[in-house]
Structure formats: structure tokens, C-alpha cells
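Step one of this worksheet: look at the structure below.
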Amino acid sequence: MALLYSIFVAKKSIPKQVLKSISSIEISGNSYAAFDMDNTLLVGDIGEALLALLIKKKLIENFGWSDYLQLVEKNKLRAYQHTIDIMQGLKISQLKKVTLEVIGYKKRSIILKGYKIPVPKPNLLMKEILAILKKRGIPIYIVTASNEVSAQIICKKYFGIPGSSIMGAEVTSTPKGIIKKSSGEFPYGKGKVTILKK
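Numbers 3 to 200, taken from the numbering used here, label the letters of the sequence shown in order.
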């Protein structure tokens, strides 16, 4: 039985109705809880912040923030896929390093040619909810359209969720650690359900 919550704003304490819902879950052999990451576990979007910093550091060229926004207006799925595809040629080690830079960013926003892209922070309310679910012995899975490498780093650091429970956009690489194009199922919309069921 899947439990899906989308709580976007951190509050001081968990609402009573949410606690009641959690306590009423009947735990069986196949019970689990599944969550999105961006704007759910996080206040903000790691995929967008990562893209902004990669552009700012000139690790991605010939694609600006305005290009991304135009893609989002036309087709969100294609825009999110492009944030993964555009990392082709980078090293996995660079992706990890820039993810850690985003997490440790001192300012609230990444400034990019007149745009302010929010730096994501953990949703403290969701952190409390996850802790309660863990105490009840309910397995937790994260399904996100952000890349799996960044998702694993964030979920481990902020929420103590192991990489094996994270299903993000696939990032494949050569034996030398160079990112190449992925042909896997993309975890967006119905794709999230497909990946979760697998």
C-alpha cells in the first residue's frame, strides 16, 4: 500500500490529520511509502539549481537559463530530460562535486544573468514525517525526475535514505566516468509510477 504526500511548506509541527493518517496505515509485507523529492522532501528543486550552477560555472555551454525556461513552457517532460542529456561529456565526479556545492551554497539563490534560482533546502516537516514512518518500519522510496546521482547524495545527507531506495533520472557513464546519454525510463508523470512498480 503506497502512501503519497506532497507537503510543500515546512511548518513547526506535523498537522494532526497527517499524524492520524500515518497511524492508521495498516502495515503488511508489501507496505511502503513513496515520495517525490523536489518541492516535497526539498523546498526547491535540486535539478534546476544544479543546472543553474553548471551554467554559471560554464560547465555547460550553448544553453542558458532562458533556454531552459522556454523549454519548460513548451514541454516540461522534454525540459527535464534535457537537463540530464545536457550533462553528456561531464565527469560523474564533476556532477557529484557541483551537487555538493549546491547543497553548501551560502546564499538563498543562484544568480544567473538576472535570474534568481532558489537553492533547495530540506523540508523539515517532511523530515519529521519520514522519521515516524521509519520508526513504524515502513520502507521509504523516493522517485524523482532529478538525476539519480544528486538525488542519492541529498537523500543520504538530509534524510538518511540509502541509494538503493532512490529512483531518479538515470545517469550512465563510460568506464572512465564520463556521462553519456541514458535510454532508461524517465521518472516524470506516469513514468514515476512505472519505475516505482518495477
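Cβ atoms here follow ideal geometry from the backbone N, Cα and C, with glycine treated the same way. Computed from a predicted structure; not experimentally measured.
Residue j and residue i - do their beta-carbons sit closer together than 9 Å?
i    : j    : result
L56  : L102 : no
F37  : V151 : no
I119 : G179 : no
L127 : I16  : yes
Y115 : W67  : The question names Tyr, yet the displayed sequence has Lys at residue 115. Yes, these two residues count as a Cβ contact at 9 Å.
For residue i, which residues in the same chain have their Cβ closer than 8 Å to its Cβ, ignoring the five residues on either side in sequence?
i    : result
M89  : L56, I62, L97, N149, V173 and I181
Y100 : Correcting the residue type first, residue 100 is Val in the shown sequence and not Tyr. The answer, listed in chain order, is L52, L55, L56, K59 and L61.
L135 : L5, I24, A35 and I142
D47  : D40, N41, P120, P122 and S148
L198 : A4, A36, Y143, V145 and M169
S167 : P141, I142, Y143, I144 and C157
CB-CB under 6 Å to residue i, same chain, minus the five flanking residues each way: which ones, in chain order?
i    : result
Y107 : V121
F10  : Here the model assigns F10 a pLDDT of 35, short of 50, so the residue's position is not dependable and the matter cannot be decided.
G186 : E172
For residue i and residue j, I'd like the C-alpha separation in whole angstroms.
i    : j    : result
M169 : P177 : 22 Å
N41  : K78  : 15 Å
I156 : E50  : 14 Å
I113 : I105 : 15 Å
I163 : Y82  : 23 Å
K18  : S33  : 22 Å
S8   : V45  : Caution is warranted here: a pLDDT of 36 is assigned to S8, below 50, making its placement in the model unreliable, and the coordinate value is therefore given only provisionally. Roughly 11 Å between the two C-alpha positions.
Y117 : G191 : 27 Å
H84  : K158 : 25 Å
G31  : K137 : 16 Å
V20  : A133 : 13 Å
K76  : K22  : 40 Å
K200 : R110 : 37 Å
P124 : N64  : 31 Å
Would you mind giving the Cβ-Cβ distance between residue i and residue j, rounded to the nearest angstrom? I have them listed as a contact below 8 Å.
i    : j    : result
K183 : D69  : Wrong, their Cβ atoms sit about 19 Å apart, outside the cutoff.
Q154 : G165 : 4 Å
L43  : F161 : 6 Å
L71  : R80  : No, L71 and R80 are not in contact; Cβ-Cβ is about 13 Å, not under 8 Å.
I'd like to know if residue i contacts chain B, where contact means its C-beta is closer than 9 Å to some C-beta of that chain.
i   : result
N41 : The displayed structure is made up of one protein chain only, and chain B is not part of it.
Spatial neighbours of residue i within its chain, please: C-beta separation below 7 Å, excluding the five flanking residues on both sides.
i    : result
T196 : E187
G193 : E187
### Query
Counting only runs that start and end within the segment 35-87, where is the alpha helix (DSSP H) found for 4 or more residues in a row?
With a minimum length of 4 residues, the continuous alpha helix (DSSP H) runs that stay inside the segment 35-87 are 48-58, 67-76 and 78-87.
### Query
Where are the alpha helix (DSSP H) runs, 4 residues long or more, that stay fully inside the segment 82-122, in chain order?
94-105
### Message
Please give me, in chain order, every unbroken run of the alpha helix (DSSP H) with length at least 4 that falls completely inside the segment 132-168.
### Response
150-161
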